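These notes are about the structure you will find just below.
Residue numbers (my numbering): 638 to 791.
Following this line, the structure appears as C-alpha coordinates:
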(Lines of atoms letter the chains of each structure in order from A; the text may use other names.)
(Lines give C-alpha, C1' and ligand atoms only; values in the text may rest on other atoms or scores of the structure.)
Protein backbone atom coordinates (compact mmCIF):
# COMPACT_ATOMS: atom_id res chain seq x y z
CA UNK A 638 0.00 0.00 0.00
CA UNK A 639 1.41 3.41 -0.90
CA UNK A 640 1.64 6.67 1.02
CA UNK A 641 -1.45 7.63 2.93
CA UNK A 642 -2.15 11.34 3.23
CA UNK A 643 -4.84 12.92 5.32
CA UNK A 644 -5.82 15.53 7.83
CA UNK A 645 -4.60 18.95 8.72
CA UNK A 646 -4.01 20.56 12.01
CA UNK A 647 -2.81 23.90 13.18
CA UNK A 648 0.11 24.74 15.35
CA UNK A 649 0.63 28.12 16.89
CA UNK A 650 4.02 29.73 17.03
CA UNK A 651 4.81 33.38 17.45
CA UNK A 652 1.17 34.39 17.14
CA UNK A 653 0.76 32.91 13.67
CA UNK A 654 -1.22 29.88 12.69
CA UNK A 655 0.18 27.46 10.16
CA UNK A 656 -1.56 24.44 8.74
CA UNK A 657 0.41 21.22 8.62
CA UNK A 658 -0.52 18.15 6.63
CA UNK A 659 0.47 14.77 7.97
CA UNK A 660 1.39 11.92 5.66
CA UNK A 661 1.91 8.37 6.79
CA UNK A 662 3.01 5.24 5.02
CA UNK A 663 1.00 2.25 6.09
CA UNK A 664 3.16 -0.79 6.66
CA UNK A 665 2.32 -4.44 6.22
CA UNK A 666 1.18 -7.11 8.66
CA UNK A 667 4.00 -6.50 11.15
CA UNK A 668 2.53 -3.17 12.28
CA UNK A 669 1.01 -3.20 15.77
CA UNK A 670 -2.18 -1.15 15.80
CA UNK A 671 -4.07 0.02 18.85
CA UNK A 672 -7.42 1.30 17.63
CA UNK A 673 -8.98 1.36 21.11
CA UNK A 674 -6.09 3.30 22.61
CA UNK A 675 -5.86 5.80 19.77
CA UNK A 676 -9.61 6.41 19.77
CA UNK A 677 -9.64 6.81 23.56
CA UNK A 678 -6.79 9.33 23.37
CA UNK A 679 -8.54 11.25 20.57
CA UNK A 680 -11.82 11.42 22.46
CA UNK A 681 -10.07 12.60 25.62
CA UNK A 682 -8.28 15.27 23.59
CA UNK A 683 -11.58 16.53 22.17
CA UNK A 684 -13.06 16.64 25.66
CA UNK A 685 -10.03 18.59 26.88
CA UNK A 686 -10.42 21.10 24.04
CA UNK A 687 -14.06 21.70 24.96
CA UNK A 688 -13.12 22.21 28.62
CA UNK A 689 -10.38 24.67 27.65
CA UNK A 690 -12.76 26.62 25.43
CA UNK A 691 -15.16 27.04 28.34
CA UNK A 692 -12.26 28.17 30.53
CA UNK A 693 -11.02 30.54 27.80
CA UNK A 694 -14.45 32.19 27.65
CA UNK A 695 -14.06 33.19 31.31
CA UNK A 696 -10.38 34.14 31.08
CA UNK A 697 -9.13 30.97 32.79
CA UNK A 698 -7.33 29.44 29.78
CA UNK A 699 -5.09 30.96 27.15
CA UNK A 700 -5.20 30.88 23.38
CA UNK A 701 -1.92 28.94 23.48
CA UNK A 702 -3.50 26.22 25.64
CA UNK A 703 -6.34 25.90 23.15
CA UNK A 704 -3.91 25.78 20.24
CA UNK A 705 -1.87 23.09 21.99
CA UNK A 706 -5.05 21.08 22.61
CA UNK A 707 -5.95 21.39 18.94
CA UNK A 708 -2.50 20.18 17.88
CA UNK A 709 -2.93 17.21 20.24
CA UNK A 710 -6.24 16.42 18.52
CA UNK A 711 -4.46 16.56 15.16
CA UNK A 712 -1.78 14.17 16.33
CA UNK A 713 -4.30 11.78 17.87
CA UNK A 714 -6.48 12.04 14.77
CA UNK A 715 -3.56 10.98 12.57
CA UNK A 716 -2.73 8.09 14.90
CA UNK A 717 -6.36 6.97 14.83
CA UNK A 718 -6.55 7.12 11.04
CA UNK A 719 -3.36 5.09 10.82
CA UNK A 720 -4.61 2.52 13.36
CA UNK A 721 -7.84 1.97 11.42
CA UNK A 722 -5.90 1.81 8.14
CA UNK A 723 -3.89 -1.07 9.58
CA UNK A 724 -7.16 -3.02 9.45
CA UNK A 725 -7.88 -1.59 5.98
CA UNK A 726 -10.78 0.46 7.31
CA UNK A 727 -11.28 3.67 5.39
CA UNK A 728 -12.08 6.84 7.33
CA UNK A 729 -11.82 9.24 4.39
CA UNK A 730 -15.25 10.69 5.17
CA UNK A 731 -13.80 12.32 8.31
CA UNK A 732 -10.47 13.55 6.87
CA UNK A 733 -11.92 17.06 6.74
CA UNK A 734 -12.73 17.18 10.47
CA UNK A 735 -9.47 18.85 11.61
CA UNK A 736 -10.02 21.64 9.09
CA UNK A 737 -13.71 21.89 10.02
CA UNK A 738 -12.61 22.28 13.62
CA UNK A 739 -9.75 24.70 12.90
CA UNK A 740 -11.92 27.30 11.16
CA UNK A 741 -14.35 28.06 14.03
CA UNK A 742 -11.52 27.86 16.57
CA UNK A 743 -9.52 30.50 14.75
CA UNK A 744 -12.63 32.66 14.29
CA UNK A 745 -13.49 32.33 17.97
CA UNK A 746 -9.99 33.10 19.22
CA UNK A 747 -9.69 36.40 17.35
CA UNK A 748 -12.37 37.69 19.73
CA UNK A 749 -11.84 38.78 23.29
CA UNK A 750 -12.56 35.87 25.64
CA UNK A 751 -16.23 35.89 26.63
CA UNK A 752 -19.12 33.47 26.96
CA UNK A 753 -20.80 35.28 24.06
CA UNK A 754 -17.84 34.73 21.74
CA UNK A 755 -17.78 31.05 22.66
CA UNK A 756 -21.54 30.71 22.16
CA UNK A 757 -21.18 32.11 18.66
CA UNK A 758 -18.66 29.46 17.51
CA UNK A 759 -19.34 26.46 19.74
CA UNK A 760 -22.12 25.05 17.49
CA UNK A 761 -19.61 24.72 14.61
CA UNK A 762 -17.06 23.13 16.93
CA UNK A 763 -19.68 20.66 18.15
CA UNK A 764 -20.73 19.83 14.57
CA UNK A 765 -17.15 18.97 13.65
CA UNK A 766 -16.68 16.87 16.78
CA UNK A 767 -19.99 15.09 16.21
CA UNK A 768 -18.93 14.24 12.66
CA UNK A 769 -15.72 12.79 14.10
CA UNK A 770 -17.53 10.72 16.76
CA UNK A 771 -20.11 9.51 14.26
CA UNK A 772 -17.46 8.51 11.71
CA UNK A 773 -15.47 6.53 14.24
CA UNK A 774 -18.52 4.93 15.80
CA UNK A 775 -19.76 3.81 12.38
CA UNK A 776 -16.59 1.71 12.01
CA UNK A 777 -16.68 0.13 15.48
CA UNK A 778 -18.26 -3.17 14.44
CA UNK A 779 -16.20 -3.42 11.24
CA UNK A 780 -13.02 -2.90 13.26
CA UNK A 781 -13.96 -5.56 15.82
CA UNK A 782 -14.60 -8.10 13.05
CA UNK A 783 -11.34 -7.19 11.28
CA UNK A 784 -9.42 -7.44 14.55
CA UNK A 785 -10.84 -10.93 15.23
CA UNK A 786 -10.01 -12.07 11.71
CA UNK A 787 -6.43 -10.80 11.99
CA UNK A 788 -5.91 -12.50 15.35
CA UNK A 789 -7.14 -15.81 13.86
CA UNK A 790 -4.63 -15.53 11.02
CA UNK A 791 -1.65 -15.04 13.33
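C-beta: ideal position from N, C-alpha, C; glycine also.
Predicted model only: the values in this text are computed from it and were never measured.
The beta carbon of residue 689 sits closer than 6 Å to the beta carbons of 698, 702, 703 and 706 from its chain, once the five residues preceding and following it are set aside; these are given in chain order. Counted as a single uninterrupted DSSP element, the alpha helix (DSSP H) harbouring residue 740 occupies residues 734-746. In this structure, the alpha-carbon of residue 764 lies about 26 Å from that of residue 725. According to the DSSP assignment, residue 772 belongs to the alpha helix (DSSP H) that extends over 752-775. Using a 10 angstroms sphere on the CB of residue 719, the tally of other CB atoms reaches 16 or more, which defines it as buried. Going by DSSP, residue 674 is part of the alpha helix (DSSP H) stretching over 672-694. Residue environment analysis places residue 734 among the buried positions, since at least 16 neighbouring C-beta atoms fall within 10 angstroms of its C-beta.
Taking every protein chain shown into account, the CB of residue 782 has fewer than 16 other CB atoms within 10 angstroms, so this residue is exposed. Residue 731 sits close to residue 768, with the two beta carbons spaced by under 8 Å.
In terms of CA proximity to residue 675, 723 leads the group 737, 729, 691 and 723. With respect to residue 741, residue 762 sits close: the two C-beta atoms are nearer than 8 Å.
Counting C-beta atoms within 10 angstroms of its own C-beta, residue 760 has fewer than 16 neighbours from the protein chains shown and is therefore classed as exposed.
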